[in-house]
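Shown next, in structure tokens, is the structure this report addresses.
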Amino acid sequence: MTWRWKIWMDRFKGRDAALPSLDLLASSASPRDTLENRLNWLVDLVQWIRRPGNQPEAQTQPPTQIQAGRLRRWLDVLDKNPEWKIKVAKTLRSIIRETNALDLFSETGLPRRFGLFHELGERLASRFLPPLPDSAELGVLFDRLFPHHDDETWIENLDEASLQRFQALLEFEVSSEEKDWNSLAVDLEDAIIHLTAQLWVAGCSSAIRSRTKSQRIQELPFFKLNTAVQAALLARTQGDQANLAPGLNHVRLLIESCYRVEEEVLAHLEENGVSTDVVYQLAYIEAALKRLEALLELAFKPDLSLTRVGAFVAMLVRENQARESVRDLLRQNFRLLTRKIVERNAKTGEHYIARTAREYWQMVRQAAGGGALMSVTTWFKTLILTLHFAAFWEGVAASINYAVGFVAIQLCGFTLATKQPATTAPALAARMHQVRDPQAMSGLVDEVVCLIRSQVAAILGNIALVVPTVVGLHFLVLFLSGAPIFPAEKATETLHSVSILGPSFFFAGLTGVLLWASSLIGAWADNWIAWHRLGEALTSDRRLMRMLGPSRTARFARFLQHNIAGFGSNISLGVMLGLLPELAKFAGLPLDVRHVTLSSGFAAAAVATLGPGVMLTWPFWLAVAGILSIGVINVTVSFALAMFVAIRARGIQSPERRIIYQALLLRMRQQPLSFIFPARSAAADSPAASVTSKIQTEPQGLVVSKLETMADIDPDLR
């Protein structure tokens, strides 16, 4: 049964075991058969050529030359059998004559301007739905001919001699009825005109035009490109060599101008916020310009080598595979927006890095203030628990409580320790370029040390004041109401819930993910405000001006612009911390959250309820160890996620990351206390500089990472 199932799957997927033999492929070609049967024959032929070689072939030829050898073998068989050869030649010519290559040249592999979700649906459908039968469009056939990711490699490695023999096969014994069989040249010219028309529409749209210095349509190079290309095509058709060369030079200058306009629009996005639609249009313009350059080379260079034509087909295969990939679509669409969010987080994170001893102790004081406010949040959470709401409404009340507490910390200028890593990591990644420079590496290592030290200061400040403040609230509540904050049973349960022997590790990691996600939401809100220019809109809003007056309206707009990222991250974090446990209970999932400052407050309230004697028991010390581990995991997970995204968004490569890790380990061995307490002397750069110079003497094969260009960007997500 197993072998039969394998045969069925081989037949379904068109694997090697299900392909016809070479003799059958050579003898079964029929120019009078239906188009669908001829296309199926061509698909089987290409799959026979591209399949991996057997053991003798693999031993005698390089892997990239096996397909070229198969093509030569097939041509040799045809040369030995002229009756097969003429039928194969006529069949190939009939396929070219009866199909259309316009979409193949001008659409295949290019981003389709449907929008992200429409495009995602199209790609998912193409993965599971069968192709259209009897289609006369070569672009549809292209997906069937080259469905594998390594097809571009063997096509690009086909040698000139094999390609010349294949061209000779196409021209073998052409009859008078077949004299107009080659429609590819006409389709190529139509594709060039089609592309320039599409670029005209995309480049002259208001989304692009409004972000350029020259907003008149007739001054844009996209507007002029269509006319220039048609003039060059007309000169080629008429044989007007005097005007052909200047016309082509004019086309090239206009294409360069289109690239500059694209860069100008991209710079505008970098400064004023990211929009999905505009980035999608820029991605299409970038890809269409590159395709246009390739088509112009094919059309205006009659002596172009066949290997260059093969490279063009390989490019179509590569771009078509990327366009059909769901994973590539999601990765490319998120890239620019992720980078923009990272940059906005980096601006926020700069304020959370204490570089001097004065800033270190200032961080401790700010964190202490945050701990004092979190004690009030802790008391309100215990009050919510005593009211015995329904599960969902208890989660809503807890969310409001947390959100109010976090926003209060923000508005008072205090600090919540675990919210720092997700914003400080992007600030760190912004300094990760040119790490082979000793001074740059020294500055980067110092920045990492300052960042870790800032986290330590913030956690210590939070815990140092949240614990005594919660104990003071306990005695105040006990004096006013005669009852402790926690019942004794709840206090015992609380200590066990934060024990290092319990599931606190996992819950703390989940909370770290929520902390990182909240920072992304805050950065997205900041990007949204910048993109829609909400600050300027509020400043000039007549309704607000009538209600508040011009000066108050301007102050309100500045306040919102300055604090919107914090509001977004704090409110979203409060909602996630409050609702996630209740929603998990509803779904039957054993999930909870563990935040180091909140856990410290709850543990302090439990100790105050149970009395000082509990401090001599194992559950208390296990809870202390658990709280310390919760703090480490909260910070580590949120920082690691933020750093990972920041590194990917900025294009930092693995060799650079390896240099950074080595420098950090060296600093940790030589100056371990510098990661906890501020150094008295600022001269601590030598370890990083020495490890950089040591690494530079070794041949690492490093490639200095480059900032992302629009050639790496596909349609983006807002």
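Take my numbering: the final residue in the sequence shown is number 718, and no numbers are missing along the way. Glycine residues also receive a C-beta, built at the ideal position from the N, C-alpha and C atoms. The model shown is predicted, which means the values in this text are computed figures rather than measured ones.
For residue j and residue i, believed in contact at Cβ under 8 Å, the rounded distance
i: L22; j: W74; result: 6 Å
i: L295; j: I192; result: 5 Å
i: A417; j: A367; result: 6 Å
i: L306; j: Q167; result: 7 Å
i: L244; j: A235; result: 4 Å
i: A89; j: L169; result: 6 Å
i: A457; j: A537; result: Not quite, the Cβ-Cβ distance comes to about 39 Å (not below 8 Å), so this is no contact.
i: E137; j: D180; result: 19 Å between Cβ atoms; not a contact.
i: V724; j: L577; result: This structure leaves residue 724 out entirely; the chain is present only between 1 and 718.
i: I49; j: F172; result: That pair is no contact at about 18 Å.
i: R365; j: G461; result: 7 Å
Burial state of residue i, where buried means 16 or more other Cβ atoms lie within 10 Å
i: Q217; result: Checking the sequence shown, residue 217 turns out to be Ile, not Gln. Classification of I217: exposed, given that the 10 Å Cβ count is below 16.
i: A488; result: exposed
i: T382; result: buried
i: H532; result: exposed
i: Y661; result: exposed
i: F142; result: buried
i: L444; result: buried
i: Q455; result: buried
i: Q413; result: It should be pointed out that residue 413 corresponds to Gly in this sequence rather than to Gln. Classification of G413: exposed, given that the 10 Å Cβ count is below 16.
i: W393; result: exposed
i: W618; result: exposed
i: L254; result: buried
i: Q741; result: Absent from the structure is residue 741, since the part of the chain shown begins at 1 and ends at 718.
i: Q67; result: buried
i: S693; result: With a pLDDT of only 39 at S693, under 50, the local geometry of the prediction cannot be trusted, and the value read off the model is given with reservation. It counts as exposed.
i: Q198; result: buried
i: P249; result: A small correction: the amino acid at residue 249 is Asn; Pro does not occupy that position in the sequence shown. N249 comes out exposed.
i: E98; result: exposed
i: M441; result: buried
i: L616; result: exposed
i: W720; result: With the chain running from 1 to 718 in the structure shown, residue 720 is simply not present.
i: V229; result: buried
i: L411; result: exposed
i: Q47; result: buried
i: I676; result: exposed
i: A642; result: buried
Beta-ladder partner(s) of residue i, from DSSP
i: N100; result: E137
Host alpha helix (DSSP H) of residue i (start-end)
i: W393; result: A391 to L411
i: A440; result: P438 to S481
i: G369; result: A357 to L387
i: M545; result: R542 to L548
i: D159; result: Counting along the chain, D159 falls outside any alpha helix (DSSP H), and DSSP gives it neither H nor E.
i: D79; result: I66 to K80
i: Q198; result: L184 to G203
i: A231; result: P221 to Q238
i: W48; result: L35 to R50
i: V596; result: V596 to L610
i: H496; result: A488 to S497
i: D23; result: L22 to S27
i: R209; result: S206 to R209
i: L591; result: That residue, L591, is in no alpha helix (DSSP H); it is neither H nor E in DSSP.
i: G535; result: L534 to T539
Given 8 Å, three or more beta-carbon pairs between the segment 501 to 512 and the segment 633 to 642: Short answer: they touch.
Inter-stretch contact (C-beta, 8 Å, three-pair minimum) for the segment 584 to 591 and the segment 471 to 485: Taking 8 Å as the limit for Cβ pairs, the verdict is that the segment 471 to 485 does not touch the segment 584 to 591.
Contact between the segment 32 to 39 and the segment 83 to 101 (3+ Cβ pairs under 8 Å): Cβ pair count under 8 Å is three or more, so yes.
Cβ pair count under 8 Å reaching 3, the segment 498 to 506 against the segment 401 to 413: Verdict: no, contact absent.
At least 3 beta-carbon pairs within less than 8 Å: the segment 488 to 500 vs the segment 596 to 614: The segment 596 to 614 and the segment 488 to 500 touch, with three or more beta-carbon pairs separated by less than 8 Å.
Any 3 or more C-beta pairs closer than 8 Å across the segment 457 to 473 and the segment 368 to 381: The segment 457 to 473 is in contact with the segment 368 to 381.
Touch test, the segment 279 to 288 against the segment 175 to 190, Cβ-Cβ under 8 Å, three pairs minimum: Of all C-beta pairs linking the segment 279 to 288 to the segment 175 to 190, fewer than three are shorter than 8 Å, placing the two stretches out of contact.
contact_flag[the segment 521 to 540, the segment 621 to 632] where n(CB pairs < 8 Å) is 3 or more: When C-beta atoms of the segment 521 to 540 are compared with those of the segment 621 to 632, fewer than three pairs fall below 8 Å, so the two segments do not count as touching.
Sufficient close CB pairs (3 or more, under 8 Å) joining the segment 284 to 293 to the segment 258 to 265: Contact between the segment 284 to 293 and the segment 258 to 265 is present, because at least three Cβ pairs lie under 8 Å.
contact_flag[the segment 667 to 675, the segment 533 to 550] where n(CB pairs < 8 Å) is 3 or more: Under the Cβ criterion (8 Å, minimum of three pairs), the segment 667 to 675 does not count as touching the segment 533 to 550.
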